Amino acid sequence: METLRYFSRQVVEEALTMSEAIELMKDAFRSLSSGEAVVPLRVNLPQPEQNAQTLFMPVYLPSTEAVGLKMVTIFRDNPIQNLPLIHGLMLIMDGTNGQPLALLDAEYLTALRTGAASGLATDLLARKDASVLAVFGTGAQARTQVKGVAAVRSLEKVLVFGKNTAKAEAFCIEMQNTLGINVEAASQPKQLLEADIICTATTSNVPVFEHQYLKKGVHINGVGSYRSDAREIPGLTMQSAKIVVDQRSAALAEAGDVVLPIQEGLFEADSIFAELGEIVLGTKPGRASSGEITVFKSVGNAAQDLAVASYLVRKAQKLNLGVVLG
Ligand SMILES: NC(=O)c1ccc[n+]([C@@H]2O[C@H](COP(=O)([O-])OP(=O)(O)OC[C@H]3O[C@@H](n4cnc5c(N)ncnc54)[C@H](O)[C@@H]3O)[C@@H](O)[C@H]2O)c1
């Protein structure tokens with residue numbers, strides 16, 4: 006009988022670095038695009054009366070010898086009550102004999118792997134000399150977006166575009182102390198023209214910036230919108246950029262940033278240049294010129310969660326991390 010462990014948020018946070026998570030994303034996206042990973046489209050359970058939905062995300066990754074299921078709740082009124090928007094738990098079973106291995110808090114796990122995916126995408130798609138990052142949003146995902154990008158490029162400045170001035174100022178102080186780089190709140194939309202890399206990590210349903218304020222050669226990680234009727238990136242930007250997604254089928258079903266420009270005739274499904282895993286595999290190239298605009302649109306994939314969680318389980322077996330439940 007194998008040991009069943011529980012990993013709290015604190016254990017997940019302390020046991021893994023962003024750089025380790027970025028390495029794990031290479032495996033996750035490679036196995037997704039090679040067809041090895043088994044990741045059906047997630048089940049989305051709506052609770053309109055609570056302005057909420059719950060996602061059930063099953064996954065089998067043969068390379069990790071593990072099967073997983075992540076359950077994430079998204080309660081959109083939570084931030085008003087100072088509660089996290091997202092809570093989650095992930096269950097891991099042994100992929101060779103089906104025995105239960107671990108239960109993990111998935112709130113930070115989700116933020117970590119989402120930031121790590123943007124870190125990987127930035128490494129493959131942003132200009133090598135990129136030094137200014139702009140981030141939209143000041144919540145849980147925005148924090149790990151900044152950490153993911155800072156792990157792969159030498160940043161000189163981070164510009165923060167928030168909705169709430171006090172929260173943006175507090176975010177700047179926290180991130181400046183964590184990363185030791187200059188982090189400033191932006192006061193005008195046109196300041197975006199300074200950015201070499203942009204991360205959108207908001208709950209907005211409409212574009213959070215204007216296409217005219219993009220710098221030539223900018224790379225954008227769009228992680229916030231995950232419903233087919235919500236978008237953060239202008240249609241014009243999607244039309245003129247090289248678009249890379251986490252998984253084509255999921256992007257075409259769930260990413261308003263992709264679905265809405267298609268409905269508007271600005272873009273076609275075939276215009277998606279690549280999945281991130283195809284660039285990792287080398288079957289598609291990354292950035293082709295210093296002037297092109299690149300976009301990584303992610304809706305989030307359970308392969309990312311299982312890659313990180315199963316690594317944590319293996320590490321825990323060696324270092325005796327987490328709490329043994331039985
Ligand atoms: N792609 C993925 O893998 C993935 C993973 C996790 C979460 N998400 C999504 O990312 C989004 C953010 O999640 P979170 O956990 O950080 O939520 P959060 O509530 O902690 O933060 C949301 C932030 O968006 C800001 N915001 C809303 N509208 C804005 C606008 N127009 N301009 C600037 N800022 C704006 C809010 O002020 C807040 O700072 C959610 O939609 C979530 O579902 C995506």
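Numbering-wise, our numbering puts 316 at position 311 of the sequence shown, and it's gapless, one number per residue.
Glycine is no exception: its CB is placed at the ideal position from the N, C-alpha and C atoms.
Just so we're clear, the structure is a prediction, and the values are computed from it rather than from any experiment.
Would K168 and V250 qualify as a contact pair, given that the criterion is a beta-carbon distance under 9 Å? Result no, Cβ atoms of K168 and V250 do not sit closer than 9 Å.
heavy atom of ligand 1 below 8 Å from F5 C-beta: Outside the displayed span of the chain (6 to 331) sits residue 5, for which this structure offers no information.
Can at least three beta-carbon pairs, one atom from the region 136-143 and one from the region 192-208, be found at a separation below 8 Å? Yes, they touch.
Under the DSSP definition of a beta bridge, which residues are partnered with L50? DSSP, once it has assigned bridges, lists T59 as partnering L50.
Would you kindly check if the distance between the Cβ of Y11 and the Cβ of L74 is under 9 Å? Taking 9 Å as the Cβ cut-off, L74 and Y11 do not qualify as a contacting pair.
Who are the Cβ neighbours of S245 in its own chain at under 8 Å, not counting the five residues just before and after it? Excluding positions up to five away in sequence, the list reads H216 and I298.
Distance check for F141 and N87, CA to CA, integer angstroms please. Between N87 and F141, the C-alpha separation is close to 19 Å.
When burial is assigned at 16 or more other CB atoms within 10 Å of the CB, is T288 buried or exposed? Taking a 10 Å sphere around the C-beta of T288, we find fewer than 16 other C-beta atoms and assign the residue as exposed.
For ligand 1, is there any heavy atom lying closer than 8 Å to the beta carbon of I225? Result no, Cβ not under 8 Å from ligand 1.
Judging by CA-CA distance, which residue of P67, E28 and Q58 is the nearest neighbour of V43? Cα-wise, what sits closest to V43 is P67.
With three or more beta-carbon pairs closer than 8 Å as the criterion, would you say the region 310-321 touches the region 270-281? Not touching, per the Cβ criterion.
V213 Cβ short of 8 Å to ligand 1 heavy atom set: Placement of the Cβ of V213 at a distance of less than 8 Å from at least one heavy atom of ligand 1 is found.
By the DSSP assignment, the beta strand (DSSP E) with A107 in it spans what residues? Segment P105 to D110, the beta strand (DSSP E) holding A107.
Closest residue to E1 among G296, I91, A122 and A33 (Cα-Cα distance): The question about residue 1 has no answer here: the residues shown for the chain are numbered 6 through 331.
Unbroken stretches of the alpha helix (DSSP H), 4 residues or longer, contained in the region 67-149: Counting only runs of 4 or more residues that sit fully inside the region 67-149, the alpha helix (DSSP H) segments are 112-130, in chain order.
May I have the straight-line CA-CA distance separating E259 from S233, to the nearest angstrom? Within the model, the alpha-carbon separation for E259 versus S233 is close to 5 Å.
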